[in-house]
Structures are given as C-alpha cells and as structure tokens.
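One structure is given here, and the rest of the page talks about it.
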Amino acid sequence: DTGVSQDPRHKITKRGQNVTFRCDPISEHNRLYWYRQTLGQGPEFLTYFQNEAQLEKSRLLSDRFSAERPKGSFSTLEIQRTEQGDSAMYLCASRALTGTKNIQYFGAGTRLSVL
Amino acid sequence: AQSVSQHNHHVILSEAASLELGCNYSYGGTVNLFWYVQYPGQHLQLLLKYFSGDPLVKGIKGFEAEFIKSKFSFNLRKPSVQWSDTAEYFCAVNAYSSASKIIFGSGTRLSIRP
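As you go down the protein sequences, you meet chains A and B in turn. Everything in the first sequence is counted per our numbering, starting at 6 for the first residue and increasing by one. Everything in the second sequence is counted per our numbering, starting at 3 for the first residue and increasing by one.
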C-alpha cells in the first residue's frame, strides 16, 4: 500500500494519560498535515510540516499537543494529559511539494477515545 | 479568515434522482476548491478539484461541480445518483497562494434509498 498510513487505527485511553500517534506519508511527499475531526464536523487543521520543519500551528493545538517530524519522513502527534474533549479522529495527510499543486492525500485516521 | 458553509447536513434521495449539494466559501482572494468524499468506513478521498480555468470541473464517478466566483459557490452535482454514492461529502477551500491548510465545511451526509 503506497498511501498515507496511520497507526494505531483506534486508541482508547483514560483521562490524564499520554498518547502518541504515528503517520507515514506517501513516499517523497515533502509536506505532512495533521487534522482533527469530531463527530458531525469536517476536519480541522492542526499543524503542518515541510520536510522536518513545522511551519504552521493552529490555535487548536494547545500546549498539551506536540508534533514532530524529525527526519522529514514519518511524523508523530503526542497528546499529554488527555482530556475527554480530545476524543476525535486524528487525520494525517501528505502532499508533494510540486507537480500536484495542493492535493492532500489522507490516511484512514486514528480514532481516539478518552474515557 | 477563510470559511466554508455547506447548507445541507443530511440529504436523502432515491436512486436515479439528481443531486446538488451546496457549498459557499468566504475568502477574498484566489482560491483552490475541492470536494472530498468519505464512504462508510473509508478514508477521505478527493472527488474533484478546481484550481483555475474552466469553472465546470468533472470528477470521478460522474460528479461535477461549478465554480461561480460572483457567488463564492462551488456546488456539487450528479445527474443520477446510485446507492453506492451513500457517503459524507465535504467541500473545502485553500487560498491559492497558501501551501498550508485546507479549510473544510462541516459535511453533508448523503443517504440513497435503493
């Protein structure tokens, strides 16, 4: 499968625990994006990377959230001290720097449930 | 700030009926426009896109959309829906010069009665 891969697909955690999600973009895609989607809503932008540089962060990304892309390939999104309001689907997308303009390809997402 | 409005939260149609889903966006500059579809249990997929040129764009599975700049609209249409079109449809916008985020609407759930 050469699409965007996310792991795990589902995560159930207790309030106050830390969780980490992983995203593997399409090979050679320079840009990687994280979105959050809650029930009945469209995806909301969280942050994006160009290679290993984090270039933009949404105000939705509180201090408890951190994202990294250390080698410009896969990325991780960590949520510390989870709250019930963090329950959502976390989506990753990637796109090439050139050639396909702004077409972002999405992974299947990680569904987080905070109990 | 950019925003996207989708007027219908849930649309129910019978097979072979015609479909039009409304989408309006708010942004003063040049935009890229998208419709994404999410079939039950599957990930978001690009249905069609508008970057420039002919304002009537055709996508996969017989869908098309028309960009009307004066109305800030990008409505999705299909002349005859099938049961397999049951899905959630998201309109989205990105500022033409922006490399970053896509702004999504809240989605329209389409249910097709067989």
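Glycine included, C-beta positions come from ideal geometry on N, C-alpha and C. Remember, predicted model here, so these are calculated numbers, not experimental data.
Report the residue from A:Gln-46, A:Ala-72, A:Leu-66 and A:Pro-48 whose alpha carbon sits nearest the alpha carbon of A:Ala-58. Closest option to A:Ala-58, judged by alpha-carbon separation, among A:Gln-46, A:Ala-72, A:Leu-66 and A:Pro-48: A:Ala-72.
Of the residues A:Phe-50, A:Arg-41 and A:His-34, which one's Cα is nearest the Cα of A:Asn-56? The candidate whose alpha carbon is nearest that of A:Asn-56 is A:His-34.
Shorter than 7 Å from the beta carbon of A:Pro-48 to some beta carbon of chain B? Yes, its Cβ sits closer than 7 Å to a Cβ of chain B.
Spatial neighbours of A:Gln-22 within its chain, please: C-beta separation below 6 Å, excluding the five flanking residues on both sides. The residues are Thr-87.
In the region 27-59 of chain B, which residues sit with their C-beta less than 7 Å from some C-beta in chain A, listed in chain order? Taking a C-beta cut-off of 7 Å against chain A, the contacting residues of the region 27-59 of chain B are Asn-34, His-45, Leu-46, Leu-48, Lys-51 and Phe-53, listed in chain order.
Consider the Cβ of B:Ser-75: report whether some Cβ of chain A lies at a distance smaller than 7 Å. Residue-level contact check: B:Ser-75 does not touch chain A, since none of the beta carbons of chain A fall below 7 Å from its beta carbon.
Near-chain B residues of the region 50-80 of chain A - C-beta to any C-beta below 8 Å: Answer in chain order: Phe-50, Tyr-53, Gln-55, Leu-60, Glu-61 and Ser-63.
Could one say the Cβ of B:Asn-10 lies closer than 7 Å to chain A's Cβ atoms, at least one of them? Chain A, which has no Cβ nearer than 7 Å to the Cβ of B:Asn-10, makes this no.
Pop quiz: A:Arg-20 and A:Arg-116 are said to be a contact at Cβ under 8 Å. What is the actual Cβ separation, rounded to whole angstroms? The Cβ separation is near 17 Å, so there is no contact.
For B:Tyr-112 and B:Trp-85, I'd like the C-alpha separation in whole angstroms. At residue 112 of chain B the sequence reads Leu, which differs from the Tyr that was named. Whole-angstrom Cα-Cα distance: 10 Å.
Who are the neighbours of A:Ala-113 on chain B, taking C-beta pairs under 7 Å? Near A:Ala-113 (Cβ distances below 7 Å), the residues of chain B are His-45.
Between which two residues does the beta strand (DSSP E) carrying B:Glu-68 extend? Where B:Glu-68 is concerned, the enclosing beta strand (DSSP E) stretches over 66-70.
Any Cβ of chain A within less than 7 Å of the Cβ of B:Gly-109? At least one chain A Cβ lies under 7 Å of B:Gly-109.
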